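Undergrad: Have a look at the structure that comes next, please.
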Amino acid sequence: MSVRILAVGKKHESWVSDGIGRYEKRLRKPFDAAWQLLPHSSREGDAARAEESDRLLGKLDRDAFVVLLDERGRNVDSPSLARTLQGAFDSGKTVTVIIGGAYGVDDRVRSRADFVWSLSQLVFPHQLVRLMLVEQLYRSQEISANRSYHHV
Numbered sequence: 001m002s003v004r005i006l007a008v009g010k011k012h013e014s015w016v017s018d019g020i021g022r023y024e025k026r027l028r029k030p031f032d033a034a035w036q037l038l039p040h041s042s043r044e045g046d047a048a049r050a051e052e053s054d055r056l057l058g059k060l061d062r063d064a065f066v067v068l069l070d071e072r073g074r075n076v077d078s079p080s081l082a083r084t085l086q087g088a089f090d091s092g093k094t095v096t097v098i099i100g101g102a103y104g105v106d107d108r109v110r111s112r113a114d115f116v117w118s119l120s121q122l123v124f125p126h127q128l129v130r131l132m133l134v135e136q137l138y139r140s141q142e143i144s145a146n147r148s149y150h151h152v
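With full-length UniProt numbering applied, the sequence shown closes on residue 152, and no number is skipped along the way.
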């Protein structure tokens with residue numbers, strides 16, 4: 001088991017790769033991350049959203065615990081996120097996190113998600129979201145192991 005991250009977009013920019021690498025070195029199963037980047041659609045608006053959603057749905061395992069990152073999702077604190085992820089791992093599920101494209105995802109992806117998570121009501125660039133996600137995976141790992149990285 002590990003966390004699979006499906007992200008629509010280009011490869012990590014160098015400053016993002018450095019930050020992601022910093023946290024990925026610290027991640028241990030089941031919190032370790034495996035990235036799969038899917039290309040942006042050449043379309044716009046609803047057509048792009050539908051095409052990218054088709055690609056994302058085609059990559060999902062039937063029994064995966066799916067986390068969708070979306071600014072309209074639930075805003076939770078880090079301990080709650082850690083409990084959510086640990087609960088999925090404890091039930092034998094692989095966690096798949098989805099970062100949609102610029103137009104988001106359609107209702108099919110949203111309805112497939114087991115947990116729709118908002119990092120904030122603010123909208124962030126996708127590259128920054130990738131870095132924030134990996135840091136939160138590391139934080140969740142440390143919270144689950146009762147280590148001192150996360151201070152309340």
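Even for Gly, the Cβ is constructed at its ideal location relative to N, Cα and C.
Values in this document were obtained by computation on a predicted structure and should not be read as measured data.
1. Considering only the alpha carbon of each residue, which of 21, 27, 7 lies closest to residue 70?
2. Comparing C-alpha positions only, which one of 128, 87, 14, 102 sits nearest to residue 140?
3. Could you work out which residue in 117, 62, 76 is closest to residue 93 when comparing CA atoms only?
4. Check the DSSP bridge columns for residue 7 and list the partner residues they point to.
5. By how many angstroms is the C-alpha of residue 148 removed from the C-alpha of residue 153?
6. What's the call for residue 113, buried or exposed, on a 16-neighbour Cβ count within 10 Å?
7. State whether the stretch 44-52 contacts the stretch 76-90, with contact taken as three or more CB pairs (one from each stretch) at a distance under 8 Å.
8. Look at the alpha carbon of residue 81 and the alpha carbon of residue 17, and state the distance between them as a whole number of angstroms.
9. Could you tell me which residues DSSP pairs with residue 74 in its beta bridges?
10. Do residue 95 and residue 123 have their CB atoms nearer than 8 Å?
11. Going by Cα to Cα distance, which pick from 142, 14, 59, 27 is closest to residue 109?
12. Taking only the alpha-carbon atoms, compute the straight-line gap between residue 135 and residue 98 and give it to the nearest angstrom.
13. From the DSSP output, read off the bridge partner residues of residue 66.
TA: A quick look at the data gives this:
1. Among 21, 27, 7, the Cα nearest to that of residue 70 belongs to 7.
2. Measuring from the Cα of residue 140, the nearest candidate turns out to be 87.
3. 62
4. 37, 99
5. In the structure as shown, the chain starts at 1 and stops at 152, and residue 153 therefore has no counterpart that could be examined.
6. buried
7. no
8. 23 Å
9. Looking at the DSSP assignment, residue 74 forms a beta bridge with 117.
10. no
11. 59
12. 16 Å
13. Residue pairing by DSSP places residue 66 opposite 96 in a beta bridge.
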